[in-house]
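In the numbering used here, the protein residues as written are 1402 to 1526.
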């Protein structure tokens, strides 16, 4: 579980270093506190006001709070979570305008689970 949480942290750190992903994430305009239920003292504060920033906000600035169970932390570390479904199924809880965070999360997840190549430039097998 700790290893998966470390991968999640690395995924968001990598995203914050990418100008394209950081700008897209910044359109959500919220500060999100992401926490694993089994690691309550190790939250991840994600500032999406203007760009993705992991150092620009504190826990008190968070307008969105998301808490994940271990299963969903594993899915997030693989870039395969569908957070809206996890919330609907009761595995994840939230407080605040979570839709803004849900809208941009796939841009970060694509780091660990890139979408399949499609289009005219793709060689079909």
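Here a beta-carbon is modelled for each residue, glycine too, at the ideal position from N, C-alpha and C.
In this text the structure is predicted, and so the values were computed from the model without any measurement.
For residue 1503, the enclosing alpha helix (DSSP H) stretches over residues 1499-1510.
Cβ contact annotation for residue 1425 (same chain, cutoff 8 Å, sequence separation greater than five): 1505, 1508, in chain order. For a cut-off of 8 Å, the C-beta gap from residue 1474 to residue 1449 is around 20 Å, too long to register as a contact. Closest in alpha carbon position to residue 1462, among 1498, 1433, 1413, is 1433. Pairing residue 1468 with residue 1438 gives a Cβ-Cβ distance under 8 Å.
When beta bridges are read from the DSSP output, residue 1436 appears opposite 1468. Straight-line measurement puts the Cα of residue 1492 at about 25 Å from the Cα of residue 1453.
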